[in-house]
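Participant: Keeping their order, the protein sequence lines are chains A and B.
Heads up, the first sequence is in this note's numbering, so the first residue is 535 and it goes up one at a time.
Heads up, the second sequence is in this note's numbering, so the first residue is 535 and it goes up one at a time.
Cβ coordinates follow ideal geometry from the N, Cα and C atoms, glycine included.
As the structure is a prediction and not an experimental result, all values here were calculated from the model.
My questions all concern the structure below.
Number of protein chains: 2
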Amino acid sequence: MDDRLVVDISKCISNPMRLKILNWLRQPENHFPPHNVVRHFNDGVCATYIQEKTNLSQSTISTYLSMMEKCGLLISTRHGKWSYFKRNETLIQQYANTLI
Amino acid sequence: MDDRLVVDISKCISNPMRLKILNWLRQPENHFPPHNVVRHFNDGVCATYIQEKTNLSQSTISTYLSMMEKCGLLISTRHGKWSYFKRNETLIQQYANTLI
DNA sequence: TTGATATATCGAGATTTATCAATATGTTTG
DNA sequence: CAAACATATTGATAAATCTCGATATATCAA
């Protein structure tokens, strides 16, 4: 994995709330209420639920999720007006392997 | 691994030069000249060699190495007036495992 | 002990990041 | 289409980080 990508991923992880989000998304059903429209967690969790859990502003969370998606840590899927985010396990594994 | 430690380690890795140092130390003999007094790399590489390779100031490198040691990424050993730094493979492995 | 060398710490200015409110964009539904 | 809702972007300020030169501390060697 390219050094610049390692740096960008590390920057994402180096913020306590972003790290929490990454951890919550490992098992969404343990940390978030069920969705109403999309009745599963296959694509992760919608931004609103994440925002509510963090108590940070909507714009901050949107920025966080966007930067985590940009470096590949998260995969986002749009369902209507909702954006869902899930972990990109492949990339996380690659990141871990690069460091070892 | 505690979230705060993950954050501190990530902060260290999120700087391009600190990441390079961490990578160089994986195989010191490929990246640094042999030492004169301590004639092996068992304890890693002395701060001066690392500083010369980076072209950053002595104080900057000293700070970098110190913060990497403080969070456990590096292990330092003093030999006389030289400080040697090597990777803490155990902690790096723990960090990787925590993320996966 | 003194001078030379290696490393650590301090103080400061420049850059980056954190975080918000306000606003814009996109999507659904009446 | 218009209102309502979810998300994204912009602009701004406070806080943190980067990086240096200067200086302090530690150790060796003469």
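1) Short of 8 Å Cβ to Cβ, which residues in the segment 571 to 604 of chain A face chain B?
2) Starting from R552/B and walking both ways along the alpha helix (DSSP H), at which residues does that stretch end?
3) Please decide whether D537/B counts as near chain A, where near means a Cβ-Cβ distance under 8 Å.
4) According to DSSP, simplified to helix, strand and coil, what is L633/B?
5) If you run the structure through DSSP and keep just helix, strand and coil, what is L607/B?
6) Do you know whose CA, among D536/A, D537/A, P550/A, lies nearest D536/B's CA?
7) Less than 8 Å between the beta carbons of Y618/B and I555/B, yes or no?
8) Any idea if I634/A is buried or exposed, counting beta-carbon neighbours within 10 angstroms, 16 or more meaning buried?
9) Under 7 Å Cβ to Cβ from C580/B, same chain only, skipping five residues before and after it: list those, please.
10) Could you tell me whether any Cβ in chain B is nearer than 8 Å to the Cβ of K545/A?
11) Determine whether the Cβ of P562/B lies closer than 8 Å to any Cβ atom of chain A.
12) Expressed to the nearest angstrom, what Euclidean distance is found between the alpha-carbon atoms of T588/A and P562/A?
Facilitator: Let me lay it out:
1) none
2) Counting from 1 along the second sequence, the entry for residue 552/B is found at position 18. First-last of the alpha helix (DSSP H) with R552/B: 550 to 558.
3) For the purposes of this step, residue 537/B is taken as the residue at position 3 of the second sequence. It does: the Cβ of D537/B has a partner Cβ on chain A nearer than 8 Å.
4) Along the second sequence, read from residue 1 onward, the residue named residue 633/B stands at position 99. L633/B falls in the helix class under three-state DSSP.
5) By one-based count along the second sequence, residue 607/B stands at place 73. Coil at L607/B, not helix or strand.
6) To locate residue 536/B, count along the second sequence from 1; it is residue 2. Ranking the options by Cα distance to D536/B, first place goes to P550/A.
7) What you label residue 618/B is simply residue 84 of the second sequence in a count that begins at 1. What you label residue 555/B is simply residue 21 of the second sequence in a count that begins at 1. Contact flag unset, no.
8) Within the first sequence, residue 634/A is the residue found at index 100, counting from 1. I634/A comes out exposed.
9) Here the question's residue 580/B lines up with position 46 in the second sequence. The residues are H569, W616, S617, Y618.
10) If you number the first sequence from 1, residue 545/A lands on position 11. With 8 Å as the cut-off, K545/A counts as an interface residue toward chain B.
11) Residue 562/B sits at position 28 when you count from the first residue of the second sequence. Not one chain A Cβ lies under 8 Å of P562/B.
12) Against the first sequence, residue 588/A aligns to sequence position 54. Against the first sequence, residue 562/A aligns to sequence position 28. Approximately 14 Å between the Cα atoms of the pair.
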